[in-house]
Each structure stands twice: as C-alpha cells, then as structure tokens.
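Residue numbers (our numbering): 93 to 742.
Right, dumping it as structure tokens:
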C-alpha cells in the first residue's frame with residue numbers, strides 16, 4: 093500500500109485501490125501541515141484533481157482520529173456545485189474516496205424528485221452534495237437540518253457567482269453554524285470571491301499550488317485555420333483523423349448543437365448531445381452512452397458540459413471560439429486528466445485568427461497553427477491504423493482454414509486484400525474536400541449581353557458548370573430568400589463547397605439550386621432522406637432542369653390607367669365653374685325656415701314605471717280627500733300600491 097502523508101488509513105486504502113501512486117499538486121497543497129483546521133481559498137483549475145483534494149481536506153474535520161463515521165441524524169458537511177452534472181460527479185468521486193469509512197452521501201439537485209431527496213435526508217446522511225437553488229429549497233422547507241454542519245465546500249465558486257447564485261450561496265452560508273470550516277475552490281479569484289471570503293471565512297489561507305501553471309502540459313493545443321464555409325466540414329475531418337475513443341465538440345448555442353448533432357448522425361457518427369433543453373434522464377442516458385462506448389462524440393454547450401468527466405476523453409474540439417481564456421482552459425480541461433494525453437483543437441475562421449491568438453496569450457498557452465486535415469490526410473491515417481491493427485502473427489484455426497482455402501480457390505490474393513480494405517473503409521464516413529483558408533472562388537465580373545426585348549431572364553451561373561443536378565427548396569421571395577444567406581446555408585448544412593453550387597433561381601415560393609455532379613452525393617447524404625437542411629427548410633431533387641420560361645406566380649407590374657382620373661377631374665371642374673357662374677344666389681326666406689323644436693330634458697318613464705307612479709298617485713289622492721281616514725288606512729292604501737307593483741313585476 094502506498095503511503096500518503098497526512099491521509100488517514102481508510103482514505104489511503106481507497107486511493108491505493110483506485111490506482112493512485114502519487115497525489116496531484118493541489119491535493120498535496122491542501123494536506124500541508126496546519127491547514128487541517130483553517131478555512132481555505134484554493135486556486136484550482138478543472139482537471140487538477142480538486143474533487144479528491146477537498147475530499148482529503150474534509151477528512152480531519154469530519155472523521156477526526158477515527159476511520160469511520162458513526163450514525164448521524166443530520167448532515168455534517170455540504171458541498172455546493174454549480175450544475176447537476178458536476179454535483180453528481182462530485183458525489184461519485186466522494187463515494188469511492190469515503191467507501192471504507194461507511195459514509196452516507198445524498199444529492200439535492202434540480203431536475204430530481206424532491207420527495208426522494210427529502211426521504212434520503214430523513215434517513216440520515218453525512219455529506220450532502222447539491223446545487224445552490226435546490227439546497228435553498230430544502231433549507232426553507234426545513235428538510236435540510238443545518239445545526240450539525242462542520243464544513244461547507246464551494247466547488248467552482250467563481251462560476252456560481254457568474255451564474256447569479258450569490259443570494260443562494262449567502263443564504264446557505266448564513267444558515268450554517270458560525271464555527272464551521274469553509275473551503276472555496278475557484279479557478280480564478282475575482283473581487284467578488286474576495287468579498288465573500290472576507291464576509292463568510294475566518295482568516296482564510298490562500299492555497300496556490302506552485303505546479304498549477306503546468307496543469308495543461310498533457311494537452312496538445314492545435315489551431316486550425318479554415319474557410320468560414322468549411323467549419324463543420326473541418327470538424328468532420330478532425331474527428332476522422334484522430335478517431336478518438338471519446339470526443340467532445342463545444343458549441344455556443346443550443347441551435348448549433350441540434351444542427352450539428354443531426355448532421356453528424358446523418359454522416360454516420362455515433363453522436364449524443366448535451367444542452368439546457370434536455371431533461372435530467374436524457375442527460376444521464378447520453379453520458380452513459382459515452383461511458384459504455386455506444387457513442388463516441390458528444391456535442392455540447394459550455395454550461396451543459398460542466399461536471400462532465402469521461403476517463404477516455406482524448407479529443408476536445410472548439411467549434412466556436414471560447415468567450416475568454418477561462419473558458420478555453422475549462423473546455424480543454426475535460427481531456428488530459430490523470431496523466432493521460434489529450435488534444436484540444438480550435439476551429440478558427442480567417443476573421444477569428446487574432447481573437448484566437450489573444451485567447452492563447454491570455455491563457456499562457458502555446459498552440460500549433462496548421463491547416464485542417466485534408467481528405468488525403470484522413471485516408472492516409474486510415475491506412476496507418478489498418479496496418480497497425482492488422483494481426484497476422486496468430487496462426488489460423490481449423491475452421492478458419494476451410495474458408496480461407498475456398499477464398500483462395502475463387503479469388504486471387506490481391507482481390508481478397510482489396511475486398512478487405514474496402515470493407516474496412518466502408519465502416520467510416522468519407523472525409524471532406526476542404527478549401528484553403530481565405531481562398532474563395534473569384535467572382536466572374538463579365539456579364540453576357542442581354543436582349544433589349546422583354547422576356548424571362550436566364551439564370552446566372554458559371555459558364556463551365558455542366559451536367560448539374562437541380563434541387564428545389566421550399567422557400568422563396570415570400571420568405572425573403574436571398575442568395576447571400578442561401579449559399580452559406582447550403583455549404584454548412586449540405587456539406588458543399590462554393591464551387592459545387594451553380595445557378596440559384598428564386599421564385600415566389602420556391603428556390604431552385606444547381607449542384608455539381610461531384611457534390612450531389614455528399615449533399616444528399618448530408619440532408620438525409622427527409623431532405624432537411626435547417627429548421628423547416630427542406631430540399632428535394634428534381635428530375636430535370638426547371639422551366640424558367642413559365643410565368644412566376646407573382647403578378648407582373650401593370651401601371652394604372654390615369655385616363656379615368658383625368659375625366660373625373662374635368663367633370664368636377666365643370667360643375668364648380670357652373671356653380672360659380674350663376675347670375676344670383678337664392679334669396680333667404682325666414683318664414684321658410686322651420687324653427688327647431690326644443691328637446692325636453694325630462695326623463696321619459698317606462699310603461700311599468702308609469703303604472704307604478706299612477707297607482708301611487710291615486711292612493712295618495714284617496715287618502716287626502718276621504719275624511720276620517722286613519723293612518724292605518726293610508727298604510728293599507730300604500731301597501732295596496734306596492735302589491736300592485738309586485739304583481740305587475742311578476
């Protein structure tokens with residue numbers, strides 16, 4: 093058993109079982125003498141072993157001199173992570189690290205059933221790992237008891253503040269006992285982290301491992317300068333060239349993730365996606381597919397990939413450039429872990445070269461600039477793998493000799509070898525032909541003479557474009573279709589180069605595109621059987637060239653007939669002149685004018701209201717003119733009037 097200084101026997105056994113022979117710099121730093129009882133602010137990048145580091149740092153506080161945990165009614169430690177994936181990954185790491193101690197762990201993360209989490213907490217757990225929002229929910233509902241908390245860990249504290257979890261973190265830290273230990277692990281230490289340190293930590297010790305600057309030495313950085321229209325094609329060639337066990341492609345939006353996932357699936361890659369729109373079950377299924385080998389490529393956004401830990405991740409591709417140096421380090425840190433080698437490839441269009449250089453400079457990294465692998469490079473690499481994987485030293489078995497003899501009788505050795513090579517290559521998708529970065533087809537500025545007469549305009553295209561195949565797209569002028577965005581869309585989603593596209597003819601509801609014979613096969617394969625290009629845009633192959641001489645559905649412009657305007661205007665002018673030329677105006681006759689009737693402002697009563705008023709008036713009249721009428725009689729008369737009103741209402 094390897095001896096690890098300042099590590100208890102139970103954790104030493106777990107590290108040895110896991111295959112650890114030495115600790116990483118950050119793990120050794122947190123175990124330095126005198127740091128087992130103080131608050132820590134640790135600078136640790138992704139992939140530096142920080143999860144095991146804070147697991148080792150928690151042991152003296154939680155276990156003391158013991159090697160096992162006693163039963164507990166409330167949690168002893170809380171670990172806060174920014175995302176569900178990272179929280180679940182932290183739990184898995186701590187489970188094997190504390191396996192010999194009998195520790196019970198639980199997670200409290202969004203997207204999971206809160207009732208199950210409440211039951212797990214009620215059974216008694218020693219360590220709780222969760223996301224800020226869900227932990228706050230449990231604290232407010234009283235299902236997470238904080239009175240016995242001895243330590244709180246903030247994993248990727250800077251990212252949690254960037255994501256807007258400041259209020260949630262402050263609530264959790266305020267609910268924990270004041271005498272607890274607080275361990276903050278952060279890739280960067282901005283002013284916001286310093287502010288939280290002063291407020292919620294007691295004389296925190298800053299830990300910055302000396303070898304931290306060497307954390308990405310196991311990662312080879314390559315920047316590939318590509319033409320803008322070939323960005324996705326270059327990614328296809330990179331995936332084919334390296335043929336990694338697991339690869340991850342980073343995109344900046346969910347739309348880009350969905351588009352690239354669809355296209356790569358059509359090209360024969362085993363692909364899964366990770367984005368914010370997936371449920372927790374879908375994300376877990378995608379990650380499990382990567383771990384058990386059913387999928388080899390993961391296309392993800394930055395946020396969705398947090399906490400992603402794949403042991404065999406050999407290749408990271410940046411389909412879009414990271415926003416800053418921290419993002420570059422975090423993305424690339426998914427590979428090159430635990431002493432393994434990894435490759436980080438940036439797809440850089442011509443316009444993004446300076447930005448990429450600034451990213452490398454800010455991250456203090458050196459990258460090799462090169463062109464993306466060409467189709468010949470990919471095929472050459474396939475041949476190398478074929479020769480390396482071919483095993484010919486083992487003797488043939490008896491059941492194999494029979495079929496070998498039959499093959500040699502029916503075919504020559506060259507034919508058999510050729511069939512073997514073809515079968516090997518058929519298992520892989522064909523590489524892409526790429527343009528040189530910054531070299532686009534020159535625009536033909538010469539224009540043929542047009543006839544001055546009316547008639548349909550001939551579709552423009554290259555003079556040397558012959559035997560092209562026509563496709564129809566389900567959009568036209570009504571959808572504001574324009575060649576300036578249709579052309580790059582076809583290049584991106586259809587796997588085409590600009591030289592593969594000829595004439596583009598836009599009608600009112602359709603767009604007709606001519607594609608060269610060389611590009612038709614790739615285009616059909618890229619859009620799939622449904623012909624889907626992007627969103628609701630689809631393409632269908634035509635049997636022949638469209639008839640452009642047919643009239644378009646859009647009505648032609650017809651100028652208005654202004655002769656009717658002139659006639660109406662002349663008539664109005666004649667009537668006006670005739671009226672002005674009258675000899676005399678008619679005399680004013682006051683008697684002929686009828687005086688206006690004065691409107692009565694008295695409110696007109698309805699028929700029912702009139703009857704009620706008449707009945708009441710009669711009753712009053714009788715009571716006044718009958719001598720000796722008592723008050724009771726008057727009341728009876730009034731009552732009779734009311735009775736009449738009620739009956740009439742009925």
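For each residue, glycine too, the CB sits at the ideal point set by N, CA and C.
Helix, strand or coil: which one does DSSP assign to residue i?
{"i": "residue 519", "result": "coil"}
{"i": "residue 104", "result": "helix"}
{"i": "residue 434", "result": "strand"}
{"i": "residue 606", "result": "strand"}
{"i": "residue 203", "result": "coil"}
{"i": "residue 701", "result": "helix"}
{"i": "residue 296", "result": "coil"}
{"i": "residue 218", "result": "coil"}
{"i": "residue 327", "result": "helix"}
{"i": "residue 95", "result": "coil"}
{"i": "residue 357", "result": "helix"}
{"i": "residue 534", "result": "Annotation note: pLDDT 37 at residue 534 (below 50); position unreliable, no value reported."}
{"i": "residue 190", "result": "coil"}
{"i": "residue 615", "result": "helix"}
{"i": "residue 338", "result": "strand"}
{"i": "residue 592", "result": "helix"}
{"i": "residue 460", "result": "strand"}
{"i": "residue 164", "result": "coil"}
{"i": "residue 563", "result": "strand"}
{"i": "residue 377", "result": "helix"}
{"i": "residue 317", "result": "strand"}
Compare the Cα-Cα distances from residue i to each of the options and report the closest residue.
{"i": "residue 344", "options": "337, 389, 352", "result": "352"}
{"i": "residue 374", "options": "176, 580, 228, 255", "result": "176"}
{"i": "residue 145", "options": "621, 451, 185", "result": "185"}
{"i": "residue 392", "options": "386, 418, 339, 360", "result": "339"}
{"i": "residue 625", "options": "358, 251, 255", "result": "358"}
{"i": "residue 106", "options": "360, 313, 499, 188", "result": "188"}
{"i": "residue 433", "options": "403, 458, 607", "result": "403"}
{"i": "residue 461", "options": "101, 636, 312, 369", "result": "312"}
{"i": "residue 522", "options": "465, 489, 488, 499", "result": "465"}
{"i": "residue 348", "options": "623, 236, 622, 584", "result": "584"}
{"i": "residue 561", "options": "704, 637, 424, 325", "result": "637"}
{"i": "residue 218", "options": "202, 183, 252, 247", "result": "183"}
In whole angstroms, what is the alpha-carbon distance linking residue i and residue j?
{"i": "residue 249", "j": "residue 99", "result": "25 Å"}
{"i": "residue 502", "j": "residue 510", "result": "14 Å"}
{"i": "residue 506", "j": "residue 415", "result": "53 Å"}
{"i": "residue 126", "j": "residue 301", "result": "16 Å"}
{"i": "residue 446", "j": "residue 261", "result": "38 Å"}
{"i": "residue 426", "j": "residue 401", "result": "7 Å"}
{"i": "residue 587", "j": "residue 405", "result": "27 Å"}
{"i": "residue 142", "j": "residue 95", "result": "20 Å"}
{"i": "residue 350", "j": "residue 342", "result": "12 Å"}
{"i": "residue 372", "j": "residue 131", "result": "34 Å"}
{"i": "residue 328", "j": "residue 409", "result": "11 Å"}
{"i": "residue 151", "j": "residue 160", "result": "10 Å"}
{"i": "residue 356", "j": "residue 417", "result": "28 Å"}
{"i": "residue 71", "j": "residue 174", "result": "Outside the shown range of the chain (93 to 742) lies residue 71, about which nothing can therefore be said."}
What are the start and end residues of the beta strand (DSSP E) that includes residue i?
{"i": "residue 585", "result": "Note, residue 585: premise wrong, no beta strand (DSSP E); alpha helix (DSSP H) at 575-585."}
{"i": "residue 229", "result": "Counting along the chain, residue 229 falls outside any beta strand (DSSP E), though it belongs to the alpha helix (DSSP H) covering 224-233."}
{"i": "residue 240", "result": "From DSSP, residue 240 is part of no beta strand (DSSP E); its letter is neither H nor E."}
{"i": "residue 426", "result": "Premise fails: residue 426 is in no beta strand (DSSP E) and is neither H nor E."}
{"i": "residue 632", "result": "629-633"}
{"i": "residue 416", "result": "It is not in any beta strand (DSSP E) - residue 416 carries neither H nor E in the DSSP assignment."}
Output the boundary residues of the alpha helix (DSSP H) element that contains residue i.
{"i": "residue 147", "result": "142-155"}
{"i": "residue 476", "result": "467-481"}
{"i": "residue 287", "result": "283-292"}
{"i": "residue 273", "result": "Premise fails: residue 273 lies in the beta strand (DSSP E), 273-278, not in any alpha helix (DSSP H)."}
{"i": "residue 455", "result": "445-455"}
{"i": "residue 63", "result": "There is no way to answer for residue 63, as the model of the chain reaches only from 93 to 742."}
{"i": "residue 129", "result": "No alpha helix (DSSP H) holds residue 129; DSSP gives it neither H nor E."}
Confirm the yes/no value for this check: CB of residue i, any heavy atom of the ligand HEM, distance under 8 Å.
{"i": "residue 495", "result": "Annotation note on the ligand HEM: not contained in the displayed structure, which lists no ligands."}
For residue i and chain B, any beta-carbon pair shorter than 9 Å?
{"i": "residue 351", "result": "This model lacks chain B altogether, as it is built from one protein chain only."}
Would you call the segment 271-284 and the segment 191-201 touching, i.e. three or more CB-CB distances under 8 Å? No contact exists between the segment 271-284 and the segment 191-201.
Cβ contact check for the segment 566-578 and the segment 596-604: 3 or more pairs under 8 Å: Segment contact: the segment 566-578 against the segment 596-604, three or more CB-CB distances shorter than 8 Å; contact assigned.
Contact between the segment 206-225 and the segment 111-119 is defined here as three or more beta-carbon pairs at a separation below 8 Å; is this criterion met? Segments in contact, no.
Between the segment 377-396 and the segment 349-368, can you find at least three pairs of beta-carbon atoms closer than 8 Å? Contact between the segment 349-368 and the segment 377-396 is present, because at least three Cβ pairs lie under 8 Å.
Should the segment 432-440 be regarded as contacting the segment 316-332, the criterion being three or more beta carbon pairs within less than 8 Å? Using a Cβ-Cβ distance cut-off of 8 Å, the segment 432-440 and the segment 316-332 are in contact, since at least three pairs of beta carbons, one from each stretch, lie closer than that value.
Is there contact between the segment 464-474 and the segment 333-343, where contact requires at least three CB pairs shorter than 8 Å? Contact holds: three or more Cβ-Cβ distances are below 8 Å.
Is it true that the segment 226-241 meets the segment 128-138, where meeting means three or more beta-carbon pairs spaced less than 8 Å apart? Under the Cβ criterion (8 Å, minimum of three pairs), the segment 226-241 does not count as touching the segment 128-138.
I'd like to know if the segment 160-178 and the segment 240-249 are in contact, where contact means that at least 3 CB-CB pairs between them fall below 8 Å. Yes, the segment 160-178 is in contact with the segment 240-249.
Taking contact to mean 3 or more Cβ pairs, one atom from each stretch, closer than 8 Å, check whether the segment 578-592 and the segment 611-620 are in contact. With the cut-off at 8 Å, the segment 578-592 and the segment 611-620 touch.
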